[in-house]
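Chains as they are written, first to last, in the numbering used here: chain A, 9 to 249; chain B, 437 to 667.
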């Protein structure tokens, strides 16, 4: 029996989804998946040379992509751990004290959501099969997490709280960093998807800062569980503990 | 001054390529098509299906049209499995008799377990470089909007079950965007650094996604009957 057009449509899409899965599987990661927009012709154009000049160096578009990927991994163009660390430092210099979670969250979100290299890095997740890429993305993530931990720990302390039992500062920072990745991607789709939250205190809360506070609440507890005003008291002596 | 060496030229051209990658502009991407699926060729699809290319082009006018449909398909797949599981849990009388919070924990573990390694789910991330292209961002948005539409009523049903409601000025939508963002971020990071993400958190040993989901749900909501002062 002949399959209907709709059935065939589904069949063909299933095959396509299979091809995508294969190209992400072991040994199948073809260059070009995320770098496909970097065409030799455009590179030649910008360099003011002929395509032939580039083909003189690379036998094919694929060979260029391969080399480009290695180049991106070696260089530091894509990876912003240093930038991340400077956000906390700049902010501390600007406000004259340790930034609050809200201030730090707003600054992190504003910087990353506007950084094209952040999105270029995300697109490289389609090359995870390449050990160079995986190792570099892993290294840069650890580096980033490590650099935000001190600011997060200061926020926790100044709120008179401590990390709950069964979790570490690392766990909290990993969750915050993951949330930041996800919300920046939403911003990239459409900035209207990540509006500021008009909370009653009249100061600016980016959605990221508000959701990071939610994580902070979940990952921490008051230093003194029993006392009703422990948080206030501890906040008053912030920095000494 | 001498002619640049082949190696110098190679470096120059690579720098230009890197520049295109890192500063891919909205203007350029308007011209870009769904190139990230460039690996998927209609010829290969026809090959695997055992039909001619013409048969596939009978369904789609162009390779481009096929790839757009495929992207939508990839975005759909993952959502449907998740919502099915959550509805089942919410309808399971046995689960309801225990602590209803375990519904969310079980759902979160299921969703994270199912998608953290799923290549079809990951395909979406390579499209963000094209997100300045209105067509691509509309596709990506529709995928995430569908998550919010599907999960909105279910999360409200869950909140009712635990005697809470969304706290103004938060909305169900903001709650779900935050939860979905945490999910996508944890999936991304699990791919490169699984040991940092595969952790049991807190006294109940929740998965990292389950614990984060619960943190967001609690912070973005309030008790319907505030009988006791907030902690």
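Just so you know, even glycine gets a beta-carbon here, dropped at the ideal spot from N, CA and C.
Since the structure is predicted, the reported quantities are computational estimates derived from the model, not experimental observations.
### Query
To which residues of the same chain is residue 599/B closer than 8 Å at the C-beta, ignoring the five residues directly before and after it?
659, 660 and 661
### Query
Mind checking whether residue 637/B and residue 616/B have CB atoms under 9 Å apart?
The Cβ atoms of residue 637/B and residue 616/B lie no closer than 9 Å to each other.
### Message
Given this structure, state the Cα-to-Cα distance separating residue 163/A from residue 204/A, to the nearest angstrom.
### Response
20 Å
### Task
Let me know the secondary structure DSSP gives residue 638/B once reduced to three states.
coil
### Query
By DSSP, does residue 159/A sit in helix, in strand, or in coil?
helix
### Task
State whether the stretch 181-191 of chain A contacts the stretch 618-627 of chain B, with contact taken as three or more CB pairs (one from each stretch) at a distance under 8 Å.
Contact holds between the stretch 181-191 of chain A and the stretch 618-627 of chain B, because three or more Cβ pairs, one in each stretch, are under 8 Å apart.
### Query
residue 146/A versus chain B: which residues are under 8 Å apart at the beta carbon?
628 and 629
### Task
Run the CB neighbour count on residue 226/A, radius 10 Å, all protein chains shown included, and call it buried at 16 or more, exposed below.
buried
### Task
Output yes or no for whether 9 Å exceeds the beta carbon distance between residue 453/B and residue 191/A.
no
### Query
Is the beta carbon of residue 643/B less than 9 Å from the beta carbon of residue 554/B?
no
### Message
Is there a C-beta anywhere in chain B that falls below 9 Å from the one on residue 163/A?
### Response
Not closer than 9 Å to any Cβ of chain B, the Cβ of residue 163/A fails to qualify, so no.
### Message
I want to see whether chain A comes within less than 9 Å of residue 539/B, judged by CB atoms only; does it?
### Response
no
### Task
Report the rounded CA-to-CA distance for residue 215/A versus residue 561/B, giving the unit in angstroms.
21 Å
### Task
Check whether the Cβ of residue 131/A lies closer than 9 Å to any Cβ atom in chain B.
yes
### Query
Is residue 452/B helix, strand or coil by DSSP?
helix
### Message
Out of 140/A, 172/A, 152/A and 168/A, which one is the CA nearest neighbour of residue 74/A?
### Response
140/A
### Message
Check this for me: beta carbons of residue 177/A and residue 161/A, under 9 Å apart or not?
### Response
yes
### When 447/B, 448/B and 519/B are compared against residue 548/B, the one with the closest alpha-carbon
Looking at the Cα atoms, 519/B is the closest of the given residues.
### Query
Quick one: what does DSSP say residue 648/B is sitting in, helix, strand or coil?
helix
### Query
Looking at the structure shown, is residue 57/A part of a helix, part of a strand, or coil, going by DSSP?
coil
### Query
Which value, in whole angstroms, describes the spacing of the CA atoms of residue 3/A and residue 620/B?
With chain A running from 9 to 249 in the structure shown, residue 3/A is simply not present.
### Query
Within the 9 Å Cβ cut-off, does residue 242/A reach chain B?
Because the pLDDT at residue 242/A is just 45, under 50, the model does not fix this residue reliably, and the value given afterwards should be weighed accordingly. Cβ-Cβ to chain B under 9 Å: no for residue 242/A.
### Query
Under the three-state reduction of DSSP, which class applies to residue 230/A: helix, strand or coil?
strand
### Task
Check each candidate in 493/B, 521/B, 505/B and 448/B and name the one with the smallest Cα separation from residue 57/A.
Looking only at 493/B, 521/B, 505/B and 448/B, the smallest Cα-Cα distance to residue 57/A is reached by 448/B.
### Task
Report the option in 523/B, 552/B and 534/B whose CA atom is closest to the CA atom of residue 543/B.
The option with the nearest alpha carbon to residue 543/B is 523/B.
#### Entry: From 455/B, 612/B and 488/B, residue whose alpha carbon lies closest to that of residue 16/A
488/B
### Message
What residue range does the beta strand (DSSP E) around residue 12/A cover?
### Response
Careful: residue 12/A lies outside any beta strand (DSSP E) and carries neither H nor E.
### Query
Does the Cβ-Cβ distance between residue 606/B and residue 657/B come in under 9 Å?
The answer is yes: Cβ separation under 9 Å.
### Message
Checking the sheet assignment: what are the DSSP bridge partners for residue 658/B?
### Response
DSSP lists 601/B as partners of residue 658/B.
### Query
Is residue 165/A closer than 9 Å to residue 503/B when the C-beta atoms are compared?
no
### Task
State the start and end residues of the unbroken alpha helix (DSSP H) segment that holds residue 172/A.
It is not in any alpha helix (DSSP H) - residue 172/A carries neither H nor E in the DSSP assignment.
#### Entry: Buried versus exposed, by CB contacts within 10 Å (16 or more), residue 538/B
exposed
### Extent of the continuous alpha helix (DSSP H) to which residue 701/B belongs
The requested residue 701/B is not part of the displayed model; chain B covers only 437 to 667.
#### Entry: chain A within 9 Å of residue 528/B, Cβ atoms only
Output row for residue 528/B: interface = no.
### Query
On the premise that residue 115/A lies in contact with residue 99/A, defined as a C-beta separation below 8 Å, what is that separation, rounded to the nearest angstrom?
Confirmed, about 5 Å.
### Message
Does residue 518/B come out as helix, strand or coil in the three-state DSSP assignment?
### Response
Helix at residue 518/B.
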